[in-house]
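Worksheet: the structure to be examined is printed underneath.
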């Protein structure tokens, strides 16, 4: 593939090479795998493809244009951080982008220019309208390069990057100033201005000091003398937005550009104070709540045509590469701007008391809304910025559903196996397994070494010696503050903590010593790094060797056909899992009641669970990470035969039944979603699932399977497949089929408001 992209091959061959590479770079994981294998050759091929134009002609053939576009499309891998960014800068990506923007290499320019000269050069180049079809790619690549830059990065040539910044800023300001004129005249121009606005936004907030500083300086100069008037227009527009109805909404691209523009203004020092004093915080709060209450979702791919890849979208198992901000970009930019204004409002001297009073008035509701975003959103960018804003109200960390469950164990002493002893003699009881995964720095190395668990009966019928009752006293340094340690334990168990400024200072020291980098970032109120995954509590590692020494209970699966089963910890012959009561109690009310009952069952060292090993592995994932693993999908699912699909789906049926008995509603709903999704794509499974569900007495699921089998009832009768079922199950399918027929008949009898004339 890499060889085919090389410039020694004809254009059609190179184009196909780039298209294949795009398919392999369909998401971050596969892209980074490809980069680990051959990063330098791929970057070299991208640069070669983007440099295709000859230096002595402005004419571009169709084949050249196709090659340029495919190379630029592959260069959008810059959306993900990685080693490829370094190689792109080394290969002179800034000069390549400038050449594509307005054929820079064929022009005679000075190597050093004043800002006025840069602006004049950029205006002249943009007005030439050179290779307009590539503009959106250029702005996106520039923005991604800037947002993933290191803090101390400095480009080899300041001239190229400065003119690129200037071009982007000019396009952005032009979009704000002439929105209606541009929109009416050229739809493609609107899409390009969105990409340019986004690039300016990313450069203003780039971690790179040089790029961020130059962008702020250049944009401020271009905005003069009308910058404040443009800002007033933006504020007026956004203030009125929350009063629009769904049918009277302005163009969504206008909303997005204006909102990104407002976020850009919020990053310019000379406009920040004006925005804060004109109650910009209130404007963004109203917009945030409008997005939440109206369930208004927009993802960027819905209005950025250059992001659509016809080749990749034809792949049978294609999954869209979702951006960091997810499907709620209005909410995302509202949160980003809100974070900037809140941060700045705390720095305004005379205005601080009024701002603080305004914040106190809305604090309780806002904190609740932000915590909901952290807990319920699937977009890491939204979660990070909600958590970032929460830090300004004294909440540091990352709230989540699973963390809330594990947090139940924080004050539980019964299953605690470690005591943390401070210098003044005060003690805190904790659970070794939670600390070992969440904050191993608090434990001495000898505690983290996996211990042995043995059985005195090779047949598996005897008692097992576990670490139950094990106690370890750990004496902490005199430098550890008691209150700070209590708050740190809140974070370890709950995922977040609440602290005032003085306590936060002590926590910064403790978090640094414990190597809790994500917490330290929040305590220092550092802006989240674009593309970073949102931290969450995942204790799955504790099911491996690192958690065995803390295990105090075994979950044993029912007999299985697994061959060669062995355990690396003990000699029990049947499939089992070394678990921890503290995790099981936190995740399952039934087990919690069992362990606390005081009856004989509460002291069992082994709990036999009537599910297969495959189902137990999925149950362990639910308990320890809060996530249910999904079965294969797409082509991997479609190529399976019915028996293979049943083998994949049966553990979810077993878990569905167990969760009903163990009162695990979240697990039951997750299993139900998986089963219904699979039945929807493979109705031939419905009879098999009906049979399995009936055998397990999971009648709710049996009814669902009968409903999915209903459209096939006649076919199943004729084929004889129903003969394997007992009469009650056959009747369930027949009744569902009758109900389906009656429903279809009623729909046919409903009079239509408009009917087509009869052919007679």
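Residue numbers (the UniProt record's numbering): 1 to 760.
Backbone N, C-alpha and C define an ideal beta-carbon position, used for all residues, glycine too.
Query: Inter-residue spacing [alpha-carbon to alpha-carbon] between residue 205 and residue 29; Result: 25 Å
Query: Proximity winner among 160, 128 and 138, relative to residue 92 (alpha-carbon distances); Result: 160
Query: Same chain, Cβ closer than 6 Å to residue 586, neighbours up to 5 away in sequence not counted; Result: 405, 406, 408 and 409
Query: Whole-number beta carbon distance between residue 71 and residue 153, since they are thought to touch under 8 Å; Result: 24 Å between Cβ atoms; not a contact.
Query: Where residue 10 falls, given that 16 or more other Cβ within 10 Å makes a residue buried; Result: exposed
Query: Identity of the residue in 335, 254 and 301 nearest residue 282 by Cα; Result: 335
Query: Terminal residues of the alpha helix (DSSP H) in which residue 340 lies; Result: 329-345
Query: Rounded C-alpha distance that separates residue 172 from residue 582; Result: 55 Å
Query: Cutoff 7 Å; reference residue 612; Cβ partners in own chain excluding five residues on either side; Result: 557, 558, 560, 651 and 654
Query: Beta-carbon contacts of residue 614 that lie in its chain and below 7 Å, excluding the five residues immediately before and after; Result: 651
Query: Status (buried if at least 16 other CB within 10 Å, exposed otherwise) for residue 13; Result: exposed
Query: In DSSP terms, what residue 555 is bridged to; Result: 577 and 607
Query: Bridge-paired residues (DSSP) for residue 226; Result: Bridge partners of residue 226: none, in fact.
Query: Range of the contiguous beta strand (DSSP E) that encloses residue 429; Result: 427-430
Query: Residues bridged to residue 475 [DSSP beta-bridge criterion]; Result: 421
Query: Per-residue burial, residue 326 [other beta carbons within 10 Å of its own, 16 or more giving buried]; Result: buried
Query: C-alpha gap between residue 425 and residue 481, whole angstroms; Result: 12 Å
Query: Other residues of its chain near residue 514: CB distance less than 8 Å, five sequence neighbours each side excluded; Result: 439, 441, 442 and 488
Query: Ranges of the alpha helix (DSSP H) found wholly within the segment 267-305, counting only runs of at least 4; Result: 269-277 and 280-294
Query: Buried or exposed (CB count within 10 angstroms, at least 16 for buried), residue 432; Result: buried
Query: Other residues of its chain near residue 689: CB distance less than 6 Å, five sequence neighbours each side excluded; Result: 705
Query: Reference residue 687, options 542, 721, 478 and 659, closest by Cα; Result: 721
Query: Run of the beta strand (DSSP E) containing residue 497, from where it starts to where it stops; Result: 496-498
Query: Whether residue 496 touches residue 396 by CB criterion (8 Å); Result: yes
Query: The segment 528-546 / the segment 501-515 touching (three or more Cβ pairs under 8 Å); Result: no
Query: Beta-carbon spacing of residue 46, residue 75 below 8 Å; Result: yes
Query: Cβ distance (whole Å) where residue 430 is taken to contact residue 420 below 8 Å; Result: 6 Å
Query: Residue 288 versus 601, 313, 238 and 589, residue with shortest Cα-Cα distance; Result: 238
Query: C-alpha distance - residue 95 paired with residue 313, whole-angstrom precision; Result: 31 Å
Query: Alpha-carbon spacing of residue 657 relative to residue 594, whole angstroms; Result: 19 Å
Query: Where the beta strand (DSSP E) containing residue 396 begins and where it ends; Result: 395-397
Query: Environment of residue 7 [buried if 16+ CB atoms lie within 10 Å]; Result: exposed
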